[in-house]
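Q:
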Amino acid sequence: MWQWPNYIQYRIELRKQSNAQRALDNKRPAETQENYENGALDFFSREDDDLFEWKRLIQTRYYRGKADSLLIQMPNTDDKAMYEKVEWDKDPKQPRYLTDEGLRVVRAAIREEQKHKREAVGYWFGIAVGVIGAITGLISAFR
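Note that numbering that gives the first Met the number 0 has the sequence shown beginning at 0, numbered continuously upward.
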């Protein structure tokens, strides 16, 4: 099945999550004793946590795709500092998502690899421009 490129898919999914977060924020119950006792605040808090995990799963999927395309190794999924698990009650598959530290490590590795590729392209671009300039100079000198 055809899919959008990684970044476009990422932005579409983030937009859906953002809209869901905005809708939930608009339905936020007042912080009263009654709402606390009937569980409205607890329900809101759980829904907010679910949306946060959804956002982290979207980010993890995006950075995993980006890292795969750049041939960068993702952190070990067993490392508790890098990943957290969705609770079994919410999703039986218990997917893992990157923590703040995990996102920082992956972004740094991606930036480093992209910088390395840009430098390589810049090196060859400089050589190509120099050769074209030399050929142009030789042609104009012999005319």
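C-beta atoms are modelled at their ideal positions from N, C-alpha and C, and glycine is treated no differently. This one's a predicted model, so the numbers in the text were calculated from it and none came from an experiment.
1) Round the Cβ separation of Ala66 and Met73 to the nearest angstrom and send it over; I've been treating them as touching at under 8 Å.
2) Whose C-beta lies closer than 6 Å to the C-beta of Tyr62 among residues of the same chain, with five residues either side of it excluded?
3) Mind reading off the beta-carbon distance from Arg27 to Phe43? Whole number of angstroms is fine, and I expect it under 8 Å.
4) Give me the Cβ distance between Ile57 and Gln32, rounded to the nearest whole Å; I'm assuming they're in contact under 8 Å.
5) Got a sec, what are the start and stop residues for the alpha helix (DSSP H) Arg95 sits in?
6) Does DSSP put Lys84 in a helix, a strand or coil?
7) My parser needs the alpha helix (DSSP H) runs of 4 or more residues fully inside the region 0-44; what are they?
8) Could you check which residue in Glu52, Pro4 and Asn34 has the C-alpha nearest to that of Pro94?
A: Checking against the coordinates, here is how it stands:
1) Here residue 66 is taken as the residue at index 67 of the sequence shown, counted from 1. Here residue 73 is taken as the residue at index 74 of the sequence shown, counted from 1. Right, the Cβ-Cβ distance comes to about 5 Å (below 8 Å), so this counts as a contact.
2) The residue given as residue 62 occupies position 63 in the sequence shown. Contacts found: Val105.
3) Counted from its first residue, the sequence shown places residue 27 at position 28. Counted from its first residue, the sequence shown places residue 43 at position 44. Yes, they are in contact, since the Cβ atoms of Arg27 and Phe43 sit about 6 Å apart, within 8 Å.
4) Position 58 of the sequence shown, counted from the first residue, corresponds to residue 57. Position 33 of the sequence shown, counted from the first residue, corresponds to residue 32. That pair is no contact at about 36 Å.
5) As a first step, residue 95 is located in the sequence shown; it is residue number 96 there, counting from the start. Segment Arg95 to Leu97 is the beta strand (DSSP E) holding Arg95; no alpha helix (DSSP H) there.
6) Locating residue 84 in the sequence shown gives position 85, where the first residue counts as 1. Of the three classes helix, strand and coil, the one that applies to Lys84 here is strand, per DSSP.
7) 5-25 and 32-36
8) Within the sequence shown, residue 94 is the residue found at index 95, counting from 1. Selected option, being the one with the closest Cα: Glu52.
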